[in-house]
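The structure under discussion appears below in the form of structure tokens.
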Amino acid sequence: MTAQKRSGRETFWMVLTGITGVLILIGLYMSLMWAPTAANLPTENEQLAQRIFYFHVSAGWVGYVAFGVTAAASVLYLIKRQRHFDNLAVSSAEIGVVFTAANLVSGAIWARPTWNTWWTWDDPRLTLAAIVLMVYIAYLMLRNAIDDPERKARLASIYGIVGFISVPLSFVSVRIWRTIHPAVIGTASETSQGGFDMSGNMVIVLLFSIFTFSLLYLVLLHYRLRLEDQRVELEEYKMAALAES
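Heads up, the sequence shown is in the numbering used here, so the first residue is 8 and it goes up one at a time.
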């Protein structure tokens, strides 16, 4: 890649980073101030807590997408044996863990005034969401436990593909099992609690938030992947230097 092309790409990502930052601020204003109150919720605390919904859903969306990218990159690594795909897999997994943790924390904040508890292990959706997070924390721990780069990439790729099974299970849990967790898309279980009627403006804010979080994911993935590529290059350079000495 020529210096001019490299400079153009860096400028693009710097501009996109700035745009994403502005969109995040706009999204915060829309979520906290512009979006209408969920009038069908019975208490003021529940109505206030509902505003975290836009952040909660968007963080969960990014987590799902990030783990999907990890699975896809793992498949590509096993097929092509190119280290870049393994770098992409781990970079995306790390971002997915952060956003999934944010999804669980924001969900607990919403649940306290709505369900009168921060968490319940009896609920399938909450339990599966926690399992997804633990699956990918274990993925990162597995990588750190193996020194040989090729073996690490191969085993992590297999794990990344198998572990992704937990993601669609978490997504459909509110539709196929009795759960108190409300559904954003489709019909929720009859036992769900805390659901609300979404007006047109609420849908706009939700879609804007999901779009903004998706851009944030792309920006974070770009910088994290670049860092991982550089780390691997440095590691390979050190190994080559040791072999020659």
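Backbone N, C-alpha and C define an ideal beta-carbon position, used for all residues, glycine too. This one's a predicted model, so the numbers in the text were calculated from it and none came from an experiment.
When DSSP states are grouped into helix, strand and coil, Leu-32 belongs to the helix group. Leu-223 is the residue among His-229, Met-246, Leu-223, Ser-113 whose C-alpha sits nearest the C-alpha of Leu-32. A direct Cα-Cα distance of roughly 9 Å separates Leu-55 from Leu-39. Taking every protein chain shown into account, the CB of Asn-123 has fewer than 16 other CB atoms within 10 angstroms, so this residue is exposed.
Asp-130 counts as buried, since no fewer than 16 other beta carbons sit within 10 angstroms of its beta carbon. Counting C-beta pairs with one atom in each stretch, the region 85-100 and the region 227-239 have three or more that are closer than 8 Å, which means they touch. Going by DSSP, Asp-236 is part of the alpha helix (DSSP H) stretching over 207-251.
If you ignore the 5 residues before and after Ala-115, its C-beta comes within less than 8 Å of the C-beta of Trp-125, Trp-126, all in its own chain and listed in chain order.
The beta-carbon distance between Ala-145 and Leu-111, rounded to whole angstroms, is 16 Å. This is too long to meet the 8 Å contact definition. With respect to the C-alpha of Tyr-166, the residue from Val-139, Ser-180, Val-179, Glu-53 having the closest C-alpha is Val-139.
With 16 or more neighbouring CB atoms inside 10 Å of its own CB, Gly-67 falls in the buried class. When DSSP states are grouped into helix, strand and coil, Gln-54 belongs to the helix group.
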